[in-house]
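Peer 1: Shown below is the structure under consideration.
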Amino acid sequence: MKKTLFLLFAFCGISLLSYANVNKRYTMRPRTQDQLYFLLPTQLPSTQKQLPLEFDMTYLTSDSCVTVRANFLSSEALSIDSVQLINAHLQHSVDSVVVLYVEKEKKAWLHRLEYRLPFGTLEQFYQADESFQLLIHGSGHTYSYAFKPKHWKKEHEEISEILTIITKNKWLK
Amino acid sequence: MKKIFFALSLAVVMLGLSSCGTVGLVGAVYTGYTEPAAVTCNEVGSKVATAKTVSVLGIVAVGDGGINKAAKAAGITKISHVDVKTTSVLGLFTTQKYFVYGE
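First to last, the protein sequences are chains A and B. Read in order, the letters of the first sequence are residues 2 to 174 in the working numbering. Read in order, the letters of the second sequence are residues 1364 to 1466 in the working numbering.
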């Protein structure tokens, strides 16, 4: 009996592992003039013992920028000033951050932000060996998020592969 | 004999529960597919958002899979279509993720 259950769970595990590829991390829809890529939501852990930030990315191949939409929680409702991405070699600041909405969620405030990043800059951040740090500045506070080193390798490999797929298919109709 | 009876009972319970967690195609061991949920006359927009619901053991089901919530998350006001991706393991852990496309 134990063997049967073990085999059943092992089979499930193997079928799930074999499915673990980048295709499940994005969707693509052809449009009249271009293609729409959507990278599914990912959690970015806080470096300040806060809850993680969750972000997704949308890219139209006719555009030079990627639209990033992110959720994060804070103890107070903030006026967002800017978003900054940094790593050991690169730094990119975004001043035009759109707040889609701010809602009260239990005791915290949920902020939904939208900002744009040049496709090339995003590629550079994901090609780096160490995780970028995402800083959100607002109302005199700074919230900091970054991938943990053990998760970064997988994240960097998978997103880089997706960005390569996008680049190689960019001009196809 | 007892063992066979137990194994069969377990299989029946699992299949029974699987119908609680998923609607549509059901794989007894693993389910993973995407299907259309809604289509409008609008052209495929430039925005996408997701909403998710989760069911555990067919006993607890939580989440907000509402199109309204997803549309709000991306600032979508004109919906072009909605896809739903269902994944389920043994019918015990099921997630339904809605992809709302629009402008």
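Glycine included, every Cβ here is placed at the ideal spot set by N, Cα and C. Quick caveat, the model's predicted, so the values are computed rather than measured.
Where do the ends of the alpha helix (DSSP H) carrying GLN125/A lie?
Peer 2: As a working mapping, residue 125/A is identified with position 124 in the first sequence. Its alpha helix (DSSP H) spans residues 120-128.
Peer 1: Hey, is ILE137/A's beta-carbon within less than 8 Å of any beta-carbon in chain B?
Peer 2: By 1-based counting over the first sequence, the position of residue 137/A is 136. With 8 Å as the cut-off, ILE137/A does not count as an interface residue toward chain B.
Peer 1: Find the residues of chain A that neighbour ALA1437/B, judging by a C-beta separation of less than 7 Å, and give them in chain order.
Peer 2: Residue 1437/B sits at position 74 when you count from the first residue of the second sequence. Going along chain A in sequence order, the residues near ALA1437/B (Cβ under 7 Å) are ARG70.
Peer 1: So the candidates are THR59/A, ASN170/A, VAL67/A; which of them puts its Cα closest to the Cα of THR122/A?
Peer 2: Locating residue 122/A in the first sequence gives position 121, counting from the first residue. Considering only alpha carbons, the answer is VAL67/A.
Peer 1: Considering only DSSP beta bridges, list what VAL95/A is partnered with.
Peer 2: Counted from its first residue, the first sequence places residue 95/A at position 94. Per DSSP, VAL84/A.
Peer 1: Tell me ALA1424/B's beta-bridge partners as DSSP assigns them.
Peer 2: The residue given as residue 1424/B occupies position 61 in the second sequence. The partner list for ALA1424/B (beta bridge, DSSP) reads SER1418/B.
Peer 1: For GLU131/A, which option in LEU118/A, PRO150/A, ILE137/A has the closest C-alpha, if you only look at C-alpha atoms?
Peer 2: Residue numbering aside, residue 131/A sits at position 130 when the first sequence is read from its first letter. It is PRO150/A whose Cα lies nearest to the Cα of GLU131/A.
Peer 1: Should VAL1411/B and THR59/A be called a contact, given that it needs their Cβ atoms to be closer than 8 Å?
Peer 2: For the purposes of this step, residue 1411/B is taken as residue 48 along the second sequence, with counting starting at 1. For the purposes of this step, residue 59/A is taken as residue 58 along the first sequence, with counting starting at 1. The answer is yes: Cβ separation under 8 Å.
Peer 1: At a Cβ threshold of 8 Å, is TYR1308/B touching chain A?
Peer 2: An answer regarding residue 1308/B cannot be provided, because it is not within the stretch 1364 to 1466 covered by chain B.
Peer 1: Between ALA78/A and LEU54/A, is the Cβ-Cβ spacing less than 8 Å?
Peer 2: Position 77 of the first sequence, counted from the first residue, corresponds to residue 78/A. Position 53 of the first sequence, counted from the first residue, corresponds to residue 54/A. No.
Peer 1: Give me the chain B residues within the contact set of THR33/A, using Cβ-Cβ distance strictly less than 9 Å, ordered along the chain.
Peer 2: Counting from one through the first sequence, the residue named residue 33/A turns up at place 32. Under the 9 Å cutoff, chain B gives GLU1406, VAL1407.
Peer 1: Nearest by alpha-carbon distance to GLN44/A: which of ASN170/A, GLU162/A, PHE148/A is it?
Peer 2: Here residue 44/A corresponds to residue number 43 of the first sequence, with the count starting at 1. The option with the nearest alpha carbon to GLN44/A is PHE148/A.
Peer 1: Look at the alpha carbon of SER75/A and the alpha carbon of ASP82/A, and state the distance between them as a whole number of angstroms.
Peer 2: Taking the first sequence and counting its residues from 1, the one referred to as residue 75/A is at position 74. Taking the first sequence and counting its residues from 1, the one referred to as residue 82/A is at position 81. Taking the straight line from one Cα to the other gives about 15 Å.
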